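Taken in sequence, the protein lines are chains A and B.
Terminal number for the first sequence in the working numbering: 635, no gaps in between.
Terminal number for the second sequence in the working numbering: 1317, no gaps in between.
Here a beta-carbon is modelled for each residue, glycine too, at the ideal position from N, C-alpha and C.
Here the structure is a predicted model, which means the values were calculated and not measured.
A short write-up of the structure that comes next.
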Amino acid sequence: MARPSPQPAVAAERRRVPLGERIVEIVSDSGEGAQKAGQTFGTVCAKLGNGVWTVEIIPAEIKPPARSPAGASGIRVRFATRPVTNCGEHADLVVAFNEQVLYGRIANGAYRQGTLVLLENRWAEDPQEEVRRSYREAVEQFRAQGLEVLELPLEAACKEITGEARVGKNMFVVGMLCEIFGRDLDKALDEVRAVLGRKGDEVVALNQDLVRRGWAFAAESVPYAWEVPSERGERPIVVMNGNQAIGLGILASGMELVAMYPITPATSVSHYLGRAFPAVGGFLHQAEDEIAAIGFALGASWAGKTACTITSGPGLALKTEFLGFASMAELPLVVIDVQRGGPSTGLPTKVEQGDLLAALFGEPGDTPKVVIAPATIEECFHFVILARRLAEEFRTPVVVLTDANLATGVSTFPRPRLEPQWIAGPVDQSPWPDGLAPFDWDPVSGLSTRPIPGQRGGEYVVTGLAHTRQGKVAYDAESNQEGCEMRSRKLAALGGTLVAPEPHGAAEGEMLVVGWGSTLGAIEEAVDILRAEDRAVASLHLRFLSPFEPGLADIFGRFRRVMTVELNYSDDPASPLANAENRRRAQLAQLLREKTLVDVDCWSAVRGQPFGPGEIAQAVRARLAAPAAARRGAA
Amino acid sequence: MLGPAHDPALEIPERYFTLENYDGGVARWCPSCGDFAILSAVQKICRDRQVPPEKLAMISGIGCSSRFPHYMHAYGFHGLHGRPLPVACGVKSRRPDLEVWVATGDGDCCSIGAGHWLHAARYNMDLVVMIFDNSVYGLTKKQTSPTTPLGMPTNTHPQGAILPPLNIAETTLGFPNVSFVARSVDWNPAHLYQTLATAAAHRGTSFVHILQRCPTYTPNVFDEWRQNPELTLLLTHERGVPADDVVRRVYKRQAEHDPADLAAARRLASMHEQLAIGLFYRNPEAPRYDLATSVGVGLTREQKLATIERELDRFTI
């Protein structure tokens, strides 16, 4: 086979440039191990003390056609001296196993002028004329667009080590990246053993050779070298993705039963629990469908073992009737919705924050419930623990909204210090107090204590029908009115225990950006960018969506404008036929307008990608440049 | 110290339960509804088994039959239409100490909840599932159900039901891992009692198909068999539903049927002119999901904490 011409040796001229952060991508066809390579490299960076955030680039199909722009599979790794809270804006360096997969990334705005592309060059010599031509065209086009393309014989170099270069080159890339960014080679070799150890010494040795070869290859062939120094604190650090954090949170909450049905992107929680749950005495039930999953969980909850069901948008829709029942019957239950693109089947592998209103209002009638949204991977862990305690204390279902960005993003955070009270205690089996009603509502807070099967003297029937304090079916006017009031008051009671959130950046100014969920890091970074430009912008992030944290109207009142930034659909104010009355606004914006009577604006998108700080900053600049609408009234 | 070892159980004053201990108040079914017979059989079985009321979990869906938990003095879960089986399985999964009964109907179980019917059989958790079959939707006022006889006029099919009915016992016998299927009738309380008592003693999911008259919408649907006991075939076997002399005197046509014989069970269940009652099939060896779901019940906080710390170690760098 014709060997591609080698690149000039440049190592002698290289000077290692220190930087605060870098963003690296590896993109490939599906099945070439790009994600494993990125995770391995990210872990090496984390172990060296960098802040790290990785996000997977996932095609919807398991095996999309090779060399297709839509089939791009890969990973982005953002690593920095300081903690990293989001996936950032533009990649600085890209390793690509073919040129076609770059088209989609370029269209998504993933790269900037000068982004360095290390491109597999074997397609230049491909036996098929069509492949050779499309490769040449692509390289020309990428260069014309301002990318710095370095064509490299990656696979040929791997073939010196292994006949299976297609699957082996991912570890070769780990070696290259470690060399380019001055990572410790031994750390990389250790990581290969940690990742592949189960597959035996032979596999480990082969992959370590590939790492070494990639290291040497980069030193010879890549004329750039950087370093990203690290600051390491005393506290031990953990590294995981959001779904693993949910799984660990379930263990630490003491919940013993999770019932779920496979659905992207929630499923990987079940993979984690399938392995880890039995050791803490827990059981993962894979139900026959989404409805059975929540029914099974609710049965366990009713019997005194507060349980959890995990799903994504389409599954949440199917669970609606049981969610309403749990609210009506005042049963504790934790429902985790890992949101993906909608509507309907939508974008199964991609991010959206489109289920907020469905979580709040999906059921017929008034069904108050608690809805909370972790903003970071670390919070995914803690919010599950919080959810169980709220569910039991307030005798209510609690919906936890995460999303595909948190689910597949991998980040570092301080190792949690476990607390015994996080873990559910034993089921109360003491005799039920004589004469105490099963719904002995406190008239102010609506709170009551729940009899648990096995408690002698507490026998009662839960029903989704209107019922009295005694749990007896009642169709009279007073009983239903009272029941609805009591269930509603619980939310006000919970809201009264919360503290007002703190704005990021400033307590007053021109514009307040309000967000929720996984957009926290990108929004705050955008605010920092804007404040560095002397713009009076701040942000506020909400963790409680039902009930809201208090004091929002006061906080909003200190800003000339308030605008939500959300990953769900809204009409652009400039869209045809849109006016202030008929414009369909983003979901949190709708809620905030109703709760605060402030004319809350919104900027949102449903492109299936997490926001980068730069695009948020640009959106804020554009809105600031537009004439301010009147704060109240017909704006 | 001399004498017997200290036994705290001896300090608990002995409780003896009478029928009144299981009485949940006046049942509000239509007068002469077949459900009364079922309620009274279940209360007797609970008394005879001396199950503490607080250990009884009565789970139901929606429909006339599903009002059942309200009329028992026990813990009850009157849930959603079609969904009692997942709830009951969830209850049993982590509370193996509770005795779980399910009251469901031909619409609740075999129509809106049919998917769970099959899977509950497959899970084979330790439950009694009573399928009240009155051949009609009663609570919503006479719509066609999956067991409505062909040609019977209903409010949704005034010209008569278009499709032949499904046979609940026969269908259940087709499900994977099914471990217990019996049939009885509301008009023979002795046989009904013995059938449900046999179901309660079985460890696994016991499906009992109960032909039950609706006095309002299907009062005559079972007349053929009620008026002519010759058309009923009483299944007898030493491992089947015990039939006392009273039952044997009524149902003179009898067949010795070994409940281990699944092929014969399916043949007997599928007969129409002859209504077979008794135990069709029982397999005490069928795998039980509840034995897996309840592993680890009762681990202490301390045991869990130590394991979670080890789990965090795996993520610590």
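E615 of chain A versus E56 of chain A - alpha carbon distance:
Roughly 20 Å separates the two Cα atoms.
Should V1128 of chain B and A1190 of chain B be called a contact, given that it needs their Cβ atoms to be closer than 7 Å?
Their beta carbons are not under 7 Å apart, which means V1128 of chain B does not touch A1190 of chain B by this criterion.
So is F283 of chain A in contact with chain B if we call contact Cβ pairs under 7 Å?
Output row for F283 of chain A: interface = yes.
What does the alpha-carbon distance come out to for the pair S518 of chain A and A292 of chain A?
Rounded to the nearest angstrom, the two C-alpha atoms are 29 Å apart.
Taking the alpha helix (DSSP H) that Q141 of chain A falls in, what are its first and last residues?
Where Q141 of chain A is concerned, the enclosing alpha helix (DSSP H) starts and stops at E129 to A144.
Give me, in chain order, the residues of the same chain whose beta-carbon lies closer than 7 Å to that of T1144 of chain B; leave out the 5 immediate sequence neighbours on both sides.
Only T1154, T1156, H1157 and A1161 meet the Cβ criterion.
With 16 as the cutoff for other CB atoms within 10 Å, does G515 of chain A come out buried or exposed?
It is buried - the Cβ of G515 of chain A has at least 16 other Cβ atoms within 10 Å.
Could you say which of B:A1088, B:P1164 and B:F1175 lies nearest to L1118 of chain B if we only look at CA atoms?
A check of alpha carbon separations from L1118 of chain B across B:A1088, B:P1164 and B:F1175 identifies B:F1175 as the nearest.
Assign L102 of chain A to buried or exposed, taking buried as 16 or more other Cβ atoms, counted over all protein chains shown, within 10 Å of its Cβ.
Flag for L102 of chain A reads buried.
Find out if the Cβ-Cβ distance for the pair L494 of chain A, P547 of chain A is shorter than 7 Å.
L494 of chain A places its beta carbon less than 7 Å from that of P547 of chain A.
Counting only the same chain and skipping the five closest in sequence on each side, list residues whose C-beta sits under 6 Å from that of T85 of chain A.
Non-local C-beta neighbours of T85 of chain A in its own chain, meaning closer than 6 Å and more than five positions away in sequence, comprise G521, ordered along the chain.
First and last residue of the alpha helix (DSSP H) that includes N480 of chain A?
Element bounds for N480 of chain A: A477 to G495.
Nearest residue (CA-CA) to D1313 of chain B, options A:L597, A:V239, A:T345 and A:E379:
Distance check between D1313 of chain B and each of A:L597, A:V239, A:T345 and A:E379 places A:V239 closest, using alpha-carbon atoms only.
Apart from the five residues just before and just after A218 of chain A, which ones in its own chain have a Cβ nearer than 6 Å to its Cβ?
Taken in chain order, the residues that qualify are M176, E179 and I180.
May I ask you to report which of helix, strand or coil DSSP gives H285 of chain A?
Collapsing the DSSP output to three states places H285 of chain A in a strand.
Among residues of its own chain, excluding the 5 on either side of S570 of chain A, which ones have a beta-carbon nearer than 8 Å to its beta-carbon?
Close CB contacts of S570 of chain A within its chain, under the 8 Å cut and outside five residues either way in sequence, are with R583, R584, R585, A586, A589, C602, W603 and S604 (chain order).
At 3 residues or longer, and completely inside the stretch 288-339 of chain A: list those beta strand (DSSP E) runs for me, N to C.
Listed in chain order, the beta strand (DSSP E) runs fully inside the stretch 288-339 of chain A are 308-311 and 333-339, counting runs of at least 3 residues.
What are the uninterrupted segments assigned as beta strand (DSSP E) that are 3 or more residues long and contained completely in the stretch 581-607 of chain A, given in chain order?
Whole beta strand (DSSP E) segments, 3+ residues: 601-604.
Endpoints, alpha helix (DSSP H) assigned at D1223 of chain B:
D1223 of chain B -> alpha helix (DSSP H) spans D1223 to Q1227.
By how many angstroms is the C-alpha of F142 of chain A removed from the C-alpha of N121 of chain A?
Using only the alpha carbons, I get a separation of about 14 Å.
Any heavy atom of the ligand ZN closer than 6 Å to the Cβ of R112 of chain A?
Of ligands this structure carries none, so the ligand ZN is not represented either.
Rounding to the nearest angstrom, what Cα-Cα distance links R1015 of chain B and P1219 of chain B in this structure?
When the Cα atoms are used, R1015 of chain B and P1219 of chain B turn out to be separated by approximately 41 Å.
Straight-line gap, W422 of chain A to E379 of chain A (C-alpha atoms, nearest Å):
Each residue's alpha carbon lies about 14 Å from the other.
Consult DSSP for S1206 of chain B and reduce its assignment to one of helix, strand or coil.
Here DSSP, grouped into helix, strand and coil, assigns S1206 of chain B to strand.
I need the straight-line Cα distance from F413 of chain A to V211 of chain A, nearest angstrom please.
Straight-line spacing of the CA atoms in F413 of chain A and V211 of chain A works out to 27 Å.
Just the C-alpha distance for P69 of chain A and G104 of chain A, rounded to the nearest angstrom, thanks.
Straight-line spacing of the CA atoms in P69 of chain A and G104 of chain A works out to 5 Å.
Interface positions of the stretch 453-472 of chain A facing chain B (Cβ-Cβ less than 9 Å), listed along the chain
Residues P453, G454, Q455, R456, G457, G458, E459, Y460, V461, V462, T463, G464, L465, G471 and K472.
Along the chain, where does the beta strand (DSSP E) that runs through H1078 of chain B open and close?
Segment Y1075 to H1078, the beta strand (DSSP E) holding H1078 of chain B.
Assign T1163 of chain B to one of two classes, buried (16 or more other C-beta atoms within 10 Å of its C-beta) or exposed (fewer than that).
Looking at the sequence itself, residue 1163 of chain B is Leu, so the reference to Thr does not match. By the neighbour-count rule (16 or more Cβ atoms within 10 Å), L1163 of chain B is not buried but exposed.
Could you give the DSSP three-state label for W1117 of chain B: helix, strand or coil?
Residue state, collapsed to three classes: helix.
What does the Cβ neighbour count give for G242 of chain A, buried or exposed, with the cut at 16 atoms within 10 Å?
Buried, since its Cβ has 16 or more Cβ neighbours within 10 Å.
Check whether the stretch 1084-1101 of chain B and the stretch 1123-1143 of chain B touch, using three or more Cβ-Cβ pairs below 8 Å as the test.
The stretch 1084-1101 of chain B vs the stretch 1123-1143 of chain B: in contact.
With 16 other Cβ atoms within 10 Å as the buried cut-off, status of P1259 of chain B:
Looking at its Cβ environment, which holds 16 or more other Cβ atoms inside 10 Å, P1259 of chain B is buried.
Run of the alpha helix (DSSP H) containing G653 of chain A, from where it starts to where it stops
What is shown of chain A runs 1 to 635, which leaves residue 653 of chain A out entirely.
For a cutoff of 7 Å on Cβ pairs, would you count K319 of chain A as touching chain B?
False, the Cβ-Cβ gap to chain B never drops below 7 Å.
Grab me the residues of S430 of chain A's own chain with a C-beta within less than 8 Å of its C-beta, minus the 5 sequence neighbours each way, in chain order.
Cβ neighbours of S430 of chain A beyond the five flanking positions: Q455.
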